[in-house]
Structures are given as C-alpha cells and as structure tokens.
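Once you know that position 127 of the sequence shown is 127 in the UniProt record's numbering, the rest is easy, because the numbers rise by one and skip nothing. Note that the Cβ used here is the ideal one computed from N, Cα and C, for glycine as well.
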Amino acid sequence: MASPLPDALLATDVMRDADMTNPGTSACFQGIGALRQMFDYHIETALRTEHELRSKITSMEQEKREYDEKIRKLEQEVLVVKGNGLELEGGLSQPQRTVPDEGEDWNGKYEEMRKECKTLKEELHSKRNLCSNCNTGPGSESCSGQISTEEDLPVTMEHKLYLSDKVSGNNIKHVLRHLSVPDTDVENIYYAHHDPKECCIQGLKKWMENKGKKATVGALIKGLLKCGLRNVAEQFCVIHKLHQLHKLV
C-alpha cells in the first residue's frame, strides 16, 4: 500500500500554487492575516488597559490611606481643643464628620472638616473671653459687657442643627434672605437639596461663608426676629443659655 504522505505533500503544493495564481484565494489569506493583526492589537490594548487600571487602583488606595491619616489627626486636634480642662456653661459643638464614602469629593470633605475645626477653636476662644469678663461664668448678672460678647459668638453646627428642626417651609427662605443670602444662592440650595432641614443647614453655611466673622449669633437672632420668628429666637437663647440676648428678644 502506498504511503499517504506523498499525497499530502502534493496537496500542499497544489494549495500553495493556487495561492500564487488565484486572486480570490490570495485575498482570502490576506484577510485572515489582517484579522490576526487586529486581534493581536486588541489583546495588547486590553493588557495595557488592565495594567493602567491596576496602577490607578493602587494609587487610589494610597490616597485613601493618606486621607484617613489626615482625618485621624484632625479628630485628635478636635479632642485636644475640647478636652483642655476648661469647663464652659452650655458646652461646645463638635464637628460631625466621618470618613468620606467612596465616590465623594475627598478634597471638599477635608476642607470642610478643616473649617469646622477652625470654627470650634473660635467658639472656644470666644467663650474663654466671655468667662474672663465674668465672676460667676456665662449668664451671670455681674458679667460686664456680656451682651456684646454673646452677640459676637460664632454660629456653630449645633446652632444650625437646632434651627433646622425649628424653622420649616418658606420660613427658611425668608430667614436666609433677611440674612442677605443672594436669591440665586437660595434657589441653588433648594435645587440641590430636597430635604428642608438640609436646605436650612446649607443656607446658613452659605451665609457664614459670605459674611465671615460678621456671621454671629447676634446677627442670626436679628434675622429670626425680622421674619417674625420670635418664639424660635426665644427658645434658641434659652436652649443655648444666651441669657442676656434673651432679654433683648
């Protein structure tokens, strides 16, 4: 029996000769070569993309660790400010910050925490000055010049949270406008936040950003009175032990 190997070689030679002489067969082999190059390119691109993604994930994990460390130091700083041994009537508000969730603005959260820690320090400094002018502490009748000092106290997160529970509906807009928050800012806040309480907090935050040191407890009380919210102003003074301001309401 003849070996099949010579027949196979003969068939290969025929296909090679056909490839050289038949235009259709030549085009087919060229198409196969082009497809192979395309697949090789896509595979190389996929591998490169995978490498870039892994590098990005590693970088983001490192960035998260760095922010966690910064937040931990800030929280320690707040504890140092609050725990320095000085007892103050009325207490101090502590910024209610947590580690930002994935997808949030890390830089914005960090900057917000830094500002709230600064506000806490200013509040502590103001209450220390208040005590230094009193014989019996804040609220004492013997405290000289206490009215102006209470008016100059900075507005804190504790104050904003309290008002967000007491002021509702259109009254929030009225208060913000009496505090000279621009209408465009008020509308933007209501567009971005559907919860009335959050609108109140964000509106007061915008007011504090615009007015700086002029955004005081005294100015806030005046804004409430201009809107006819005398009961809210009175309760605000009682809850936060602003005794002399309460007498003016």
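- Assigned with DSSP and collapsed to three states, T156 falls in coil, not helix or strand.
- A residue is called buried once 16 or more other Cβ atoms fall within 10 Å of its Cβ, and E116 is buried on that count.
- By the C-beta density criterion, F236 is buried, having at least 16 other C-beta atoms within 10 angstroms.
- The C-alpha of Q62 lies about 19 Å from the C-alpha of L74.
- Counted as a single uninterrupted DSSP element, the alpha helix (DSSP H) harbouring K206 occupies residues 196-211.
- Between G228 and P182, the alpha-carbon positions lie close to 20 Å from each other.
- For A219, the closest C-alpha among the options I32, L47, L153 is that of L153.
- Sequence-distant partners of M60 (beyond 5 residues in either direction) whose C-beta falls short of 8 Å from its own C-beta are missing from its chain.
- The Cβ-Cβ distance between W207 and L176 falls below 8 Å.
- By the Cβ test, the region 164-171 is not in contact with the region 208-216, since fewer than three Cβ pairs between them sit closer than 8 Å.
- Residue burial is scored here from C-beta neighbours: M157 has at least 16 other C-beta atoms within 10 angstroms and is therefore classed as buried.
- In this model, S180 and L225 are separated by some 14 Å (Cα to Cα).
- Counting along the chain, A219 sits inside the alpha helix (DSSP H) bounded by residues 217-226.
- For T184, the closest of L35, H194, H246, G203 by C-alpha to C-alpha distance is G203.
- Looking at the backbone, the Cα of G223 and that of H178 are separated by about 6 Å.
- Per DSSP, the unbroken alpha helix (DSSP H) holding H178 starts and ends at 170-178.
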